[in-house]
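Reviewing the structure listed below.
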Amino acid sequence: MSKRSEVGDKTPSSKSGASGTTPKAGSKAVVPKGTRNVVPKSMPGPVAMTKKDGMLVPEGYTMRKIEPAKNYDVESFARAMNPDFAPRLKKLFEPETEAAVKAQQTGIYIGWRLPEYKFDCQRVNDMSKCFCSHLLGEHAQYTGKSVRVPCVQGGCKCKGFAWVPSRPEDVGEFWMQRRRDFDPSTWRAKCRCKHTHEEHEAAGMRRCKTGCGCGHFNSNFLCAACDKHWEDHETFFETEQDRVQKGLPVGEMYLPFAEMPHLRNIALTGAEDDDSRYQALVQGEGSIPRNRAIEAPGNSQAFPAPRGGASSGFKPVYD
């Protein structure tokens, strides 16, 4: 083989098309060293740079300084990466917070989880979306003993409510919200066949309706709480008594971050030192106390351990 075909040809005629310079003798560099301004085709000239806090930043761009985390734990990293940590956390958990409060008031707990797990990956309420794309409130009446809650919307073949993610945050895709011009209302959970749950049949094997040959919905995402696929989960309708017998959290322990009062307060009120809503709940609003001789703990008190040794099991994921 001729050595002229190798990278790093030593012949004087070899040139770098962009700069017109020749590589030094013996050099094996594909691109010869030199001072060149790399300019994207769409830009008229070199990008002007300015120095801010010891870093080069393109002119016209803003830079947010990232403060290092105080401790090596998920919460510290989340606070360091998100200066708006509290309002973002409250917004993220609003659906689950309201579901937990309603469950405690009605005695009907609706959770989405793996059958063998002792915690719910998602708390469900009437505004939660079903695989058929209709809300739980658009399905038939249900109780804490319901097994299958069919959809009652005309023409829908859904035979039983099955919770499905309706936000990218539900599956840990927090970066989607940061994309320019991202419209949250257009986001849909997808199958590995690349088609959405709305393009699959609402009942049976949930085959794809596009004709791609997909015979069953297999999620291309994982649960943000347990790292398992959507199809491994089930939606359960339960009474408080049923959950106690199964060792599942009920009452105040069903609230998001029940074991961490400062985060629980953020989920309820948006401020970690504001436990007013929590105190209102446990002191009489709704049915949380329900014949329990448990003093409502404040921010300075240790939170009671879950009954039956149950843990919430939640694993927060932040961008």
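Here the UniProt record's numbering is used: the first residue of the sequence shown is 1, the next is one more, and so on.
Cβ coordinates follow ideal geometry from the N, Cα and C atoms, glycine included.
Bear in mind the structure is a predicted one, so any value in this text is a computation, not a measurement.
Neighbourhood of residue i by C-beta distance below 6 Å, restricted to the same chain and skipping five residues each side
i	result
K157	A202 and A203
L263	F257
Of the residues the options, the one placed nearest residue i, counting alpha carbons only
i	options	result
C132	S146, L114 and S166	S166
E138	K118, K145 and C151	C151
A162	G154, V147 and K91	V147
E198	W175, R180, V164 and P184	V164
residue 329	K52, G60, Y61 and E96	Examination of residue 329 is not possible in this model, given that the chain is present from 1 through 319 alone.
T235	K102, L114 and Y278	L114
D232	V124, L222, T239 and E240	L222
G154	D183, Y61, C212 and H134	H134
V124	K118, E116 and V101	V101
K91	S276, T269, A280 and D273	T269
N220	W230, G211, V149 and G213	W230
Beta-carbon spacing of residue i, residue j below 8 Å
i	j	result
G107	Q122	no
C226	C208	no
Y254	Q104	yes
A224	G172	yes
G160	Y109	no
H216	R206	yes
Where residue i falls: helix, strand or coil (DSSP)
i	result
M49	strand
P150	coil
M253	helix
M260	coil
L281	helix
P58	strand
7 Å CB neighbourhood of residue i in its chain, flanking five on each side removed
i	result
L56	M49
K228	L114 and L222
D84	none
* Start-end ranges of the beta strand (DSSP E) lying completely within the stretch 93-136, minimum 3 residues -> 108-113
* To do: Write down every uninterrupted run of the beta strand (DSSP E) in the stretch 154-240 whose length is 3 residues or greater and which is fully enclosed by it, in chain order.
  => 234-239
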